[in-house]
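In our numbering, the protein residues as written are 44 to 302.
Glycine included, C-beta positions come from ideal geometry on N, C-alpha and C.
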C-alpha cells in the first residue's frame, strides 16, 4: 500500500523547522502586494499578500499586530498553516528567508525565458494558475494553447473560471502553479488534478526554493527569486510595491528538479 504524502505545507514546515532555534524575526512588513520578513541573521524572504481573501469589514486584519517582530522562527514558520492569509504569508516569507542561503549548485540564475527551462513546444497545452502577464505572453508565442486560472482576476478577459481546473488540468502537458496556491491551501488539490503532465513548475517570488520537498511531489522546476538587498525589499514592500519593483534588488532563480 502506497504511503500517503503529508500535505505540502507540512512538509515545508518540517523541512526548515529543525536547527533554527537561534534565529528570530527582526522585521515584518505586510504590504498591499507582498509580505516581507527579515531575520536576525540578515536573510529576508517574501510572500504574496492575498488581498482578495482578507476581511473587508474591519481595520484589524492581524490579531497579533504589534507583537510579531521578535518572534523566534520556530514560532513564525508554522503560521503557514493558518487560515488567516496574513499569518500564512508571514509563515511562508519566514520559510523563504531560511531557504535563501541553501541554494544547491544546480540552481540557475541565467536570464533565460521560462519556456526554455520547461521545453515548451508548439504542441503543448499549458495550464497556469496565477496570472503573470509577461509569462502568459511568452507562453502564448510558443505553446499550442495557454489556459489561465486566477481566483483574484475572475472578471479579467482571458481568465478561465477555477471551477474548470479539474476538467482541464488532466489534459495539460505543462502546468505552472503560482506559489500563492500554498497560501490559499489549494496547492495539493491542484497537483492531484495534474495527472498526465510532463512538466510542473512552481513559480513567483513566494516560491520556497526547497528541492527536497517538491521533487517528491512531481514538481520539475522551481522558478523563484533570490533577494540581494533585504533592506530595500522591506522598503518596497512597505510602499505597496511588488514584482516589478523587485527587479533591481532580486535575482531570478531557476531550480530544475528532474533527476
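Nearest to residue 186 by CA position, among 220, 206, 216, is which residue?
-> 216
Environment of residue 57 [buried if 16+ CB atoms lie within 10 Å] = exposed
Residue 295 lies in the beta strand (DSSP E); which residues open and close that run?
-> Residue range 293-299 is occupied by the beta strand (DSSP E) that includes residue 295.
For the stretch 192-205 and the stretch 239-258, state whether three or more C-beta atom pairs, one from each stretch, are separated by less than 8 Å.
-> no
For residue 267 versus residue 76, is the C-beta spacing smaller than 9 Å?
-> Cβ distance not < 9 Å, so residue 267 and residue 76 don't count as in contact.
What are the partner residues of residue 78, as DSSP defines its beta bridges?
-> 73, 90
N-terminal and C-terminal residue of the beta strand (DSSP E) that residue 171 is part of | 168-172
Out of curiosity, what's the CA-to-CA distance linking residue 226 and residue 122?
-> 10 Å
Whole-angstrom distance between residue 243 and residue 8, CA atom to CA atom | Absent from the structure is residue 8, since the part of the chain shown begins at 44 and ends at 302.
Can you give me the Cβ contacts of residue 209 inside the same chain, cut-off strictly under 6 Å, excluding the 5 residues immediately before and after it?
-> In its chain, beyond the 5 residues on either side, 236 have a beta carbon closer than 6 Å to the beta carbon of residue 209.
Counting Cβ pairs, one atom from each stretch, are 3 or more of them under 8 Å apart for the stretch 114-131 and the stretch 78-97?
-> yes
In or out: residue 224 buried (at least 16 other Cβ within 10 Å) or exposed?
-> Label assigned to residue 224: buried.
Please confirm whether residue 119 and residue 134 have their CB atoms less than 9 Å apart.
-> yes
Beta-carbon contacts of residue 190 that lie in its chain and below 6 Å, excluding the five residues immediately before and after = 170, 203, 211
In chain order, what residues of the same chain have a beta carbon less than 6 Å from the beta carbon of residue 54, not counting five sequence neighbours either side?
-> 256
Are the beta-carbon atoms belonging to residue 79 and residue 234 less than 9 Å from one another?
-> no
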